[in-house]
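Engineer: Residue numbers (UniProt numbering): 1 to 337.
For every residue, glycine included, the Cβ atom is placed at its ideal position computed from N, Cα and C.
(1) Using the rule of at least 16 other Cβ atoms within 10 Å of the residue's Cβ for burial, across every protein chain shown, is residue 236 buried or exposed?
(2) Would you kindly report the start and end of the unbroken alpha helix (DSSP H) that includes residue 59?
(3) The alpha helix (DSSP H) with residue 134 in it runs from where to where?
(4) State the beta-bridge partners of residue 195 as determined by DSSP.
(5) Does DSSP put residue 337 in a helix, a strand or coil?
(6) What's the call for residue 269, buried or exposed, on a 16-neighbour Cβ count within 10 Å?
(7) Assuming the contact rule is C-beta atoms closer than 8 Å, residue 63 and residue 37 should be a hit. Round their C-beta distance to whole Å, please.
(8) Determine the DSSP secondary structure at residue 22, reduced to helix, strand or coil.
(9) Would you list the residues sitting across from residue 178 in a DSSP beta bridge?
(10) Please confirm if the segment 114–131 is in contact with the segment 195–210, defined as three or more CB-CB distances below 8 Å between the two stretches.
(11) At what residues does the alpha helix (DSSP H) containing residue 252 begin and finish?
(12) The alpha helix (DSSP H) spanning residue 222 covers which residue range?
(13) Alpha carbon to alpha carbon, how far is residue 53 from residue 262? Give it in angstroms, no decimals.
(14) Does the structure place the segment 8–22 close enough to the segment 134–144 that three or more beta carbon pairs sit under 8 Å?
(15) Judging by CA-CA distance, which residue of 217, 265, 112 and 146 is the nearest neighbour of residue 173?
(16) Between the Cα of residue 9 and the Cα atoms of 104, 45, 29 and 79, which residue gives the shortest distance?
(17) Straight-line CA distance for residue 204 to residue 98?
(18) Look at the Cβ atom of residue 255, then the Cβ atom of residue 285, and state whether they are nearer than 9 Å.
(19) What does the alpha-carbon distance come out to for the pair residue 306 and residue 294?
(20) How many angstroms separate the CA atom of residue 216 from the CA atom of residue 51?
(21) Measure from the alpha carbon of residue 272 to the alpha carbon of each residue in 151, 95, 39 and 92, then state which is nearest.
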């Protein structure tokens with residue numbers, strides 16, 4: 001019964017996103033977003049965990065407020081267009097885009113994002129960090145008008161995503177502020193080319209999946225839990241470190257590829273200042289990634305002399321190995337074609 005209940009709401013979750021991104025008009029898009037919202041609430045709420053129930057209520061209130069503002073702007077643009085001046089119409093489009101940015105958790109509309117992720121388990125966190133961004137991002141892609149506004153959002157998201165992640169001890173909050181930083185990169189890739197955004201999103205989702213599978217398997221939620229667990233399994237510890245470096249975009253990891261393509265296109269379109277700022281601000285995020293990896297490497301802890309059987313982690317090892325070596329394969333494919 002439990003699996004049927006989960007499967008039903010996951011089906012509606014996927015359906016709501018697909019309705020939104022394939023809608024013919026804005027009202028159908030809004031209905032798709034509401035189906036998506038009504039489906040995610042039962043998935044993240046849990047009667048046995050008051051933090052998950054609190055997170056689901058916060059998420060519902062925040063998304064409902066964004067949906068109300070979105071519906072208001074849709075009605076004003078579609079049905080009151082002949083009664084409002086042109087400059088007011090541009091402001092309404094900006095308000096509509098702000099609701100999409102709120103729904104995806106971009107700064108400065110990120111106030112709800114870290115607190116909600118902190119109350120969820122790792123699987124629900126993965127859904128919030130990846131799938132729930134698809135519909136708002138694609139709808140924002142359809143409605144992009146002001147590049148200056150989007151550039152400001154990109155810079156603010158990178159600053160907040162970097163600085164707010166510096167003194168966090170919770171792994172969920174670290175991945176949340178990392179996600180805000182990656183939202184900025186995805187918005188920049190969206191400005192250039194839709195295909196680049198798709199490449200970036202897929203690679204980000206794969207790396208996040210690798211990390212979350214490891215964190216979920218070993219039930220890690222805070223930095224101080226890492227050493228005692230990872231010292232009993234060196235292979236998984238190494239995969240965790242490599243995935244964090246990949247998430248930061250260090251070559252030769254796979255995470256370097258979408259950042260390199262995005263910067264390349266930004267320079268080709270003469271947006272050199274934005275690309276330079278993005279590279280500099282990403283170093284802040286890279287700093288707390290490196291802090292995590294150095295924590296795992298350098299802090300002394302008791303060594304488990306009895307090796308943990310690696311058979312139980314074979315699927316994690318295989319999945320991570322494929323994704324970590326994908327940069328080599330992708331460059332070979334690009335050179336071939």
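Structural biologist: To lay it out plainly:
(1) buried
(2) 50–79
(3) 131–142
(4) Answer is none; residue 195 lacks a bridge partner.
(5) Its pLDDT being 47, under 50, residue 337 is placed unreliably in this model, and the value from its coordinates should be taken loosely. If DSSP states are grouped into helix, strand and coil, residue 337 belongs with coil.
(6) That one is exposed.
(7) 5 Å
(8) coil
(9) DSSP output for residue 178 lists no bridge partner at all.
(10) yes
(11) First-last for residue 252: undefined, no H or E at that position.
(12) Element bounds for residue 222: n/a, residue is neither H nor E.
(13) 38 Å
(14) Yes: at least three Cβ pairs fall under 8 Å.
(15) The candidate whose alpha carbon is nearest that of residue 173 is 112.
(16) Of 104, 45, 29 and 79, the residue nearest in Cα terms is 45.
(17) 23 Å
(18) Contact: no.
(19) At residue 306 the pLDDT is 49, less than 50, meaning the model places this residue with poor confidence and gives no usable figure here.
(20) 17 Å
(21) 151
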